[in-house]
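Asks: Throughout, my numbering is defined as the position within the sequence shown, counted from one, plus 243.
Following this message is one structure expressed as structure tokens.
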Amino acid sequence: MNMQTPVAKQPEQPAVAPSAKTAIADLWRPALIQAFVKLDPRQLQRSPVMLVVELTAILTTVLCAIPDPAVPTSVALQIALWLWFTVLFANFAEALAEGRGKARADSLKAGSEGLKARLRESTGAFRVVNATTLRKGDVVRVEAGEMIPGDGEVIEGIAAVNEAAITGESAPVIRESGGDRSAVTGNTRLVSDWLLVRISSNPGESTLDRMIALVEGAKRQKTPNEVALDILLIGLTLIFLLVVVTLQPFARFSGGSLPLVFLVALLVTLIPTTIGGLLSAIGIAGMDRLVRLNVIAKSGRAVEAAGDVHVLLLDKTGTITFGNRRCSAVYAAPGVTAKELAEGALLASLADDTAEGKSIVEYLRELHSFNEPSLQELTAVPFSAETRLSGVDHGERIYRKGAVDSLLSFVGMQRSDLPLPLSREIDKIAKTGGTPLLVCVGHKLLGAIHLKDVVKPGIRERFAELRKLGIRTVMVTGDNPLTAAAIAAEAGVDDVLAEATPEKKLERIRQEQNDGRLVAMCGDGANDAPALAQADVGMAMNDGTQAAREAANMVDLDSDPTKLLDVVQIGKELLVTRGALTTFSIANDVAKYFAILPALFAAIYPQLGVLNIMQLASPQSAILSAIVFNALIIVVLIPLALRGVRVQAASAAALLRRNLLIYGLGGIAVPFVGIKLIDMLLTGLHLV
């Protein structure tokens with residue numbers, strides 16, 4: 244089979260970008276079905292607290308069939324139903340979190356089903372195989388209109404690739420062999436030419452596979468913090484189980500007896516059911532927010548580490564600055580009018596299609612109005628490395644712009660011949676990190692142009708917010724220290740690493756880590772790979788090299804370096820949300836003590852009646868009200884678990900005080916109000 248063997252065209256799959264506006268109304272029906280499916284004890288093993296609640300619901304359901312004079316059957320049945328509802332509400336929260344990413348997962352799966360690849364054999368011939376059979380190191384040929392069958396690196400060819408199926412952006416990007424733009428992503432489509440791609444991942448390990456696993460949620464591995472919190476919840480559950488088990492012998496020793504149904508209810512209300520029911524949903528929703536940001540994490544550990552980051556290493560070009568120098572000012576030579584300089588600089592830049600040239604034209608057009616000649620009237624003189632000049636010839640007039648020394652040589656001048664005011668402006672431009680260009684018409688020097696690496700708007704404010712959160716920013720650049728310091732001061736970063744080499748980046752990261760700080764950085768080149776691998780959070784650009792993508796623990800599909808700031812925000816939101824709801828869950832047990840304990844022991848120890856500060860109507864209504872509140876509070880907190888607690892710019896101590904005030908005191912106060920209202924409702928409806 245030769246190279247021209249056709250491969251069946253794959254149908255274009257619509258990119259279904261995960262959106263924050265996904266309607267809950269579209270998700271609740273399948274989530275409700277999944278809530279019942281998740282009642283399988285084998286699935287609930289991942290949530291030990293909810294497994295205990297389900298077992299108690301089963302026990303209470305059985306006890307309903309056994310008459311107990313101390314507990315009316317109707318009350319026992321209501322307790323059993325609300326215990327089942329508690330488990331279902333927790334399952335519903337998890338299923339709802341998973342459902343928010345399922346549409347995109349289904350779309351991605353559909354796009355990869357039946358995908359074919361043209362595999363190069365050892366003989367050099369090509370044969371068509373299923374894309375699922377490809378292994379790391381295989382070489383495939385992809386032609387215009389075909390889907391790239393897997394993550395890989397271009398080893399031959401240059402082509403435009405439509406990455407909309409992954410990133411949601413329809414504008415094609417150029418991929419070519421060599422350099423920093425050689426990596427390609429599976430399930431993206433070639434729109435021109437052809438590529439020879441070396442596959443870089445085995446089945447189940449590609450970017451597409453990781454994205455599907457993340458958005459489906461069920462396959463998500465628990466992070467270390469989640470495991471630690473699970474251990475805490477299991478410990479609390481065991482402690483309260485021992486306490487409840489010992490209450491019956493204690494009551495009998497005192498000459499009384501406690502109904503088993505009430506003891507079961509006490510256990511459920513004392514264990515941390517709120518956070519136990521929402522813990523999985525919080526984690527899945529956090530990962531979903533990351534996927535909606537078009538960032539793929541290789542593990543949940545990286546996301547949590549982002550929330551604890553102390554130091555951010557950020558490349559200057561493309562992250563802090565736009566990466567393209569822009570015209571910010573012009574300075575006329577003595578004896579030259581501003582209009583004369585502007586006209587000369589404009590004409591010298593009209594045929595310059597670089598970002599710098601276009602910025603000069605835009606800047607000058609805003610300052611003055613000109614009678615511009617058409618491009619057909621001009622003879623363009625492109626920039627060359629030899630002359631370091633560019634410009635146009637307009638009739639007999641010659642317009643040129645370029646580096647200071649090169650243009651001075653062109654007009655037959657020495658550096659010492661520069662007029663003093665212009666020389667001072669040129670030195671000032673250089674000291675502030677800018678690039679000076681000189682402009683001439685013929686052999687007449689007109690003045691200087693100030694090209695500036697422009698800092699992105701709003702970046703200074705973002706760094707200020709990070710500083711309030713206790714995160715220090717370090718700008719990494721290959722510029723000389725003087726230029727780097729000027730840009731760093733304008734951007735508002737805390738520190739700068741100038742004349743950065745791969746060795747310097749790696750050394751700086753290790754130094755920060757040795758001092759006990761977590762470090763995050765982003766990069767796209769092969770020279771960034773060692774530092775990305777060393778950093779606690781390493782985010783590679785999707786359009787970067789394969790080496791960088793393999794070394795990092797996150798990949799930004801949009802190749803936007805500023806995304807690292809958003810990843811840190813999501814990591815903090817995930818940690819703060821989990822901590823806030825854990826605080827609320829443990830705190831709201833306090834009110835339940837005042838509801839259930841007096842109800843259980845008032846008959847044995849009448850003195851405990853003083854603890855009934857909510858003035859609940861009866862022991863049965865008190866216990867049932869606590870059970871109902873225990874179930875409903877999960878429903879109330881589902882939106883917060885899915886949305887996440889917003890992290891405000893403040894120190895860690897201030898955030899802790901705020902959360903303790905809102906979720907600690909709130910966790911104590913809300914149940915007092917809620918249980919009392921439920922008690923009044925149950926009594927008014929004569930349900931107890």
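Beta carbons are placed, not taken as given, at the ideal position from N, Cα and C, and that holds for glycine.
Please report the straight-line C-alpha distance between Pro-745 and Pro-284, rounded to a whole angstrom.
Replies: Whole-angstrom Cα-Cα distance: 51 Å.
Asks: Compare the beta carbon distance of Ala-874 and Trp-325 with 7 Å and say whether it is the shorter of the two.
Replies: Cβ atoms of Ala-874 and Trp-325: closer than 7 Å.
Asks: Per the contact definition of three or more C-beta pairs closer than 8 Å, is the segment 558-577 in contact with the segment 651-660?
Replies: The segment 651-660, when compared against the segment 558-577, does not touch it at the 8 Å Cβ threshold.
Asks: Starting from Arg-640, follow the beta strand (DSSP E) in both directions and report where the run begins and ends.
Replies: Residues 640-646.
Asks: May I ask you to verify whether the segment 590-604 touches the segment 627-635, counting CB pairs closer than 8 Å and requiring at least 3?
Replies: The segment 590-604 is in contact with the segment 627-635.
Asks: If you follow the alpha helix (DSSP H) that Ala-774 is in, where does it begin and where does it stop?
Replies: From DSSP, the alpha helix (DSSP H) with Ala-774 extends over 772-777.
Asks: At the level of alpha carbons, what is the spacing between Leu-618 and Asp-767?
Replies: Rounded to the nearest angstrom, the two C-alpha atoms are 38 Å apart.
Asks: Would you grab the beta carbon distance between Arg-424 and Asp-786 for me? Rounded to a whole angstrom, and I think it's under 8 Å.
Replies: Indeed, because the Cβ distance is near 6 Å, the residues count as touching under 8 Å.
Asks: Measure the CB-CB distance between Val-318 and Val-931 and report whether it falls below 7 Å.
Replies: Their beta carbons are under 7 Å apart, which means Val-318 touches Val-931 by this criterion.
Asks: Counting only the same chain and skipping the five closest in sequence on each side, list residues whose C-beta sits under 8 Å from that of Arg-753.
Replies: Counting only Cβ-Cβ distances below 8 Å, and skipping sequence neighbours, we find Gln-777.
Asks: What's the gap between the Cα of Gly-587 and the Cα of Pro-724?
Replies: Cα to Cα, the separation comes out at about 33 Å.
Asks: When you compare only the Cα positions, how much space is there between Ile-911 and Glu-297?
Replies: Near 25 Å, if we compare the C-alpha coordinates of Glu-297 and Ile-911.
Asks: What residues are listed by DSSP as bridge partners for Trp-437?
Replies: Partner(s): Glu-386.
Asks: Just to confirm before moving on: does the CB-CB distance between Leu-867 and Gln-321 stay below 7 Å?
Replies: Against a cut-off of 7 Å, the Cβ pair of Gln-321 and Leu-867 comes out as a contact.
Asks: Given that a residue counts as buried once 16 or more other Cβ atoms are within 10 Å of its Cβ, and exposed if not, what is Asn-468?
Replies: Answer is buried; the Cβ neighbour count reaches 16.
Asks: How should Asn-831 be labelled, buried or exposed, when 16 other C-beta atoms within 10 angstroms of its C-beta is the threshold for buried?
Replies: The residue in question, Asn-831, is buried, as its Cβ has 16 or more Cβ neighbours within 10 Å.
Asks: Per DSSP, which residues does Arg-568 bridge with? Please list them.
Replies: Beta-bridge pairing links Arg-568 to Asp-696.
Asks: Tell me which residue opens and which closes the beta strand (DSSP E) that Glu-419 is part of.
Replies: That run of the beta strand (DSSP E) goes 416-419.
Asks: Can you tell me whether Ala-508 is buried or exposed? The criterion is at least 16 other CB atoms within 10 Å of its CB, across all chains shown.
Replies: Ala-508 should be labelled buried.
Asks: What is the DSSP secondary structure of Pro-914, reduced to helix, strand or coil?
Replies: If DSSP states are grouped into helix, strand and coil, Pro-914 belongs with the helices.
Asks: According to DSSP, simplified to helix, strand and coil, what is Thr-675?
Replies: DSSP places Thr-675 in coil when its eight states are reduced to three.
Asks: Alpha carbon to alpha carbon, how far is Val-250 from Ala-402?
Replies: Caution applies to Val-250, whose pLDDT of 43 falls short of 50 and renders its modelled position unreliable; the value that the coordinates give is listed next. Using only the alpha carbons, I get a separation of about 18 Å.
Asks: In the DSSP assignment, the alpha helix (DSSP H) including Arg-934 goes from what residue to what residue?
Replies: There is simply no residue 934 to check, as the chain begins at 244 and stops at 931 in what is shown.
Asks: What are the complete alpha helix (DSSP H) segments, minimum 4 residues, inside the segment 444-532?
Replies: The segment 444-532 contains these whole alpha helix (DSSP H) runs: 450-459, 467-496 and 503-513.
Asks: Please report the distance separating the alpha-carbon of Pro-773 from that of Leu-824.
Replies: Approximately 38 Å, taken between the alpha carbons.
Asks: Over what stretch of residues does the alpha helix (DSSP H) that includes Arg-792 continue unbroken?
Replies: Unbroken alpha helix (DSSP H) run through Arg-792: 789-794.
Asks: In the structure shown, what three-state DSSP assignment does Lys-806 receive?
Replies: In the structure shown, Lys-806 sits in a helix (DSSP, three-state: H, G or I).
Asks: Out of curiosity, what's the CA-to-CA distance linking Arg-792 and Leu-709?
Replies: Going from the Cα of Arg-792 to the Cα of Leu-709 covers about 26 Å.
Asks: Go through its chain and collect everything with a Cβ distance to Pro-515's Cβ below 7 Å, but skip five positions before and after it.
Replies: Around Pro-515: Val-292, Leu-476, Leu-479, Ser-828 and Ile-829.
Asks: For Ala-727, collect the residues of the same chain with a Cβ closer than 6 Å to its Cβ; drop the 5 residues on either side in sequence, then sort them by chain order.
Replies: Only Thr-720, Val-739 and Ala-741 meet the Cβ criterion.
Asks: Given Gly-818, which residues of its chain have a CB within under 8 Å of its CB, disregarding the five upstream and five downstream residues?
Replies: First, the amino acid is wrong: residue 818 is Leu here, not Gly. Only Asn-468, Glu-547, Gly-550 and Asp-551 meet the Cβ criterion.
Asks: Counting only the same chain and skipping the five closest in sequence on each side, list residues whose C-beta sits under 6 Å from that of Ser-420.
Replies: These residues qualify, in order along the chain: Val-397, Ile-398 and Glu-399.
Asks: Let's test the definition: count the other Cβ atoms within 10 Å of the Cβ of Thr-489 and tell me whether it reaches 16, buried, or not, exposed.
Replies: Result: exposed.
Asks: Does the segment 301-316 come into contact with the segment 271-284, if we say contact requires no fewer than three beta-carbon pairs (one atom in each stretch) closer than 8 Å?
Replies: Touching, no, given that fewer than three Cβ pairs across the two stretches are closer than 8 Å.
Asks: Should the segment 679-695 be called in touch with the segment 522-541, which here means at least 3 C-beta pairs below 8 Å?
Replies: Output reads no: the segment 522-541 does not touch the segment 679-695.
Asks: From which residue to which residue does the beta strand (DSSP E) around Leu-555 run?
Replies: Leu-555 -> beta strand (DSSP E) spans 554-558.
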